[in-house]
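Down below is the structure, laid out as structure tokens.
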Amino acid sequence: MLRSTFQTLSKRTFSSTSINPYKVAVLGASGGIGQPLSLLLKLNHNVTDLRLYDLRNAKGVATDLSHIPTNSTVKGFAPDQQQPDALRDTIKDSDLILIPAGVPRKPGMTRDDLFNINAGIVHDLAQTIAKEAPNSSILVISNPVNSTVPIVAEVLKEHNVYNPKKLFGVTTLDLIRSSRFLSEILKTDPTKEHVNVIGGHSGITIIPILSQLENCSTLSQEQKNELIHRIQFGGDEVVKAKDGAGSATLSMAYAGATFADAVMRGLNDEKNVVMSSFVDSPLFKNEGIDFFASKVTLGPNGVEKIHEFGKLNQHENEMLETCKETLKKNIEKGYTFVKNKK
Ligand code: NAI
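If you use full-length UniProt numbering, the sequence shown closes out at 342, no skipped numbers anywhere.
Shown next, in the form of structure tokens:
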């Protein structure tokens, strides 16, 4: 699944055939993720109108990217006196809006520690999206994704424009890390390793289902435990290595561009576009968990189908129970934030 997405991304990136014109906005475009993400979107021939918004330097980033000879226009928008309606102008009529705006983690922080700042940023951006681009596909990258996605949903509901099929929490980084880390152990081609990762997007809510992979049966339980832990806490490796200078940006930009490409291919009615994402999901609604990450089929209207995740072994079932407890609290935290804003 991932391999075909990677191949399609690179094929389309460097080919000028089968162009589909999509307007794409990046909010938080000057940041560590925003800049490389915007670069990768500039290279995607399906993106014909790229709009970059940030509180700082968006015009600089846009001008820089605009010199790349691909078939899109790039404009930068910043909320200053010259562009008082910069956010509105950025997102108006967008097909896709990617949101990496916010602050990243520093060593010792969990994604949940970012809540207080990022919740407010995402909430305010969602207000304008609700008014100006309610039909767009919204891809939330800002952490904690387990809470920021419910925040966007609640804001859209307040404006009566919530479309659960078009709101996505971007969890693709968990998939690409799984492919990479597993291939390092098995000494295989990472583009051929596809792990089904479900749950949420933070620590113990990330559940890689190794029991469904034939080639994992050769691994000892200790190796599996280490691999699961590395997938769940892979982000910490980057935070630690960057030593205060932020969290994953380049791998995240790649993950975000990969997911955006899949959403566009779905919108373009390409068949069998399947990716995992944290979406409004029926899987555990009866337990009060409104959002859950699993494989989804993407289509012209966004999420076409939410896949069941199949059989889990006993350890994975235990992980799922712990995940659900945390996820419920994370989602509730997002809801409460929006309620208290009223
Ligand atoms: P960064 O600090 O380098 O960039 C964030 C950008 O957002 C800055 O340029 C800042 O000016 C901008 N910004 C802040 N408030 C804004 C607003 N109201 N409107 C528009 N722009 C605004 O941070 P980085 O490393 O790019 O990370 C961004 C977010 O992505 C963080 O919340 C981080 O935790 C999250 N993240 C998510 C991942 C995922 O897998 N979903 C993986 C890695 C990071």
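For each residue, glycine too, the CB sits at the ideal point set by N, CA and C.
Please tell me whether, using a cut-off of 7 angstroms, the distance from the CB of residue 252 to the nearest non-hydrogen atom of the ligand NAI is below it.
Indexing the sequence shown from 1 puts residue 252 at position 252. Result yes, Cβ under 7 angstroms from the ligand NAI.
Looking only at its chain, what residues have a beta carbon closer than 7 angstroms to the beta carbon of residue 211, apart from the 5 residues adjacent to it on each side?
Position 211 of the sequence shown holds residue 211. Excluding sequence neighbours, residue 211 sits near 312, 313 and 316.
Inter-residue spacing [alpha-carbon to alpha-carbon] between residue 1 and residue 179
Walking along the sequence shown from the start, residue 1 turns up at place 1. Walking along the sequence shown from the start, residue 179 turns up at place 179. Confidence in residue 1 is poor, its pLDDT being 46 and thus under 50, which makes the residue's placement unreliable; the coordinate value appears in the next sentence. Residue 1 and residue 179: Cα-Cα distance of roughly 11 angstroms.
Please classify residue 118 as buried or exposed, where buried requires at least 16 other C-beta atoms within 10 Å of its C-beta.
Working through the sequence shown from its first residue, we reach residue 118 at position 118. So residue 118 counts as buried.
Could you pull out every residue in the same chain whose Cβ sits closer than 7 angstroms to the Cβ of residue 34, ignoring the five residues on either side in sequence?
Taking the sequence shown and counting its residues from 1, one reaches residue 34 at position 34. Only 26, 28, 54 and 100 meet the Cβ criterion.
Buried or exposed: residue 138, going by 16 or more other Cβ atoms within 10 Å of its Cβ?
What you label residue 138 is simply residue 138 of the sequence shown in a count that begins at 1. With 16 or more other CB atoms across the displayed protein chains lying within 10 angstroms of its CB, residue 138 is buried.
What is the rounded straight-line gap between the Cα of residue 350 and the Cα of residue 40?
A query on residue 350 cannot be resolved here, the shown segment of the chain reaching from 1 to 342 and no further.
Indicate whether the contact test is met: 3 or more Cβ pairs, each with one atom in the stretch 144–156 and one in the stretch 169–186, closer than 8 angstroms.
At 8 angstroms Cβ cutoff, the stretches touch.
Can you tell me where the alpha helix (DSSP H) with residue 304 in it begins and where it stops?
Counting from one through the sequence shown, the residue named residue 304 turns up at place 304. Element bounds for residue 304: not the alpha helix (DSSP H) but the beta strand (DSSP E), 302–306.
How close, in whole Å, do the beta carbons of residue 343 and residue 110 come, if the pair is a contact with beta carbons under 8 angstroms?
This structure does not reach residue 343, given that the chain is present from 1 up to 342, and the question cannot be answered.
Cβ contact check for the stretch 221–239 and the stretch 76–83: 3 or more pairs under 8 angstroms
Output reads no: the stretch 76–83 does not touch the stretch 221–239.
Using a Cβ-Cβ cutoff of less than 6 angstroms, which residues in the same chain neighbour residue 74 once the five nearest sequence positions on both sides are dropped?
As a working mapping, residue 74 is identified with position 74 in the sequence shown. Counting only Cβ-Cβ distances below 6 angstroms, and skipping sequence neighbours, we find 50, 62, 65 and 66.
Closest to residue 288 by CA distance: which of 258, 221, 268 and 325 is it?
One-based indexing of the sequence shown puts residue 288 at position 288. Its Cα nearest to that of residue 288, the residue 325 stands out among 258, 221, 268 and 325.
With respect to 7 angstroms, is the separation between the Cβ of residue 121 and the closest non-hydrogen atom of the ligand NAI below this value?
Taking the sequence shown and counting its residues from 1, the one referred to as residue 121 is at position 121. At least one heavy atom of the ligand NAI is nearer than 7 angstroms to the Cβ of residue 121, so yes.
May I ask which residues mark the beginning and end of the alpha helix (DSSP H) holding residue 284?
Here residue 284 refers to the residue found at position 284 when the sequence shown is read from its first residue. Unbroken run through residue 284: none, as it is neither H nor E.
Which complete beta strand (DSSP E) runs does the stretch 181–214 hold, if anything under 3 residues is left out?
You should have 197–199 and 206–208.
Using CA coordinates, which residue listed in 177, 248, 155 and 252 is at the minimum distance from residue 124?
Along the sequence shown, one-based indexing puts residue 124 at 124. Among 177, 248, 155 and 252, the Cα nearest to that of residue 124 belongs to 155.
Expected contact under 8 angstroms - CB spacing of residue 87 and residue 141 to nearest Å:
Locating residue 87 in the sequence shown gives position 87, counting from the first residue. Locating residue 141 in the sequence shown gives position 141, counting from the first residue. Actually they are not in contact, since the Cβ atoms of residue 87 and residue 141 sit about 17 angstroms apart, beyond 8 angstroms.
Residue 309 and residue 135 - do their beta-carbons sit closer together than 8 angstroms?
In the sequence shown, counting from the first residue as 1, residue 135 sits at position 135. In the sequence shown, counting from the first residue as 1, residue 309 sits at position 309. Not closer than 8 angstroms, so no.
Quick test of the definition: if touching needs 3 or more C-beta pairs under 8 angstroms, does the stretch 293–301 touch the stretch 268–282?
Under the three-pair Cβ rule at 8 angstroms, the stretch 293–301 counts as touching the stretch 268–282.
Extent of the continuous alpha helix (DSSP H) to which residue 256 belongs:
Taking the first residue of the sequence shown as 1, we reach residue 256 at position 256. It spans 250–267 - the alpha helix (DSSP H) in which residue 256 sits, taken as one unbroken run.
Using CA atoms only, rank isn't needed, just tell me which of 45, 319 and 47 is closest to residue 232.
Mapped onto the sequence shown, residue 232 falls at position 232. Measuring from the Cα of residue 232, the nearest candidate turns out to be 319.
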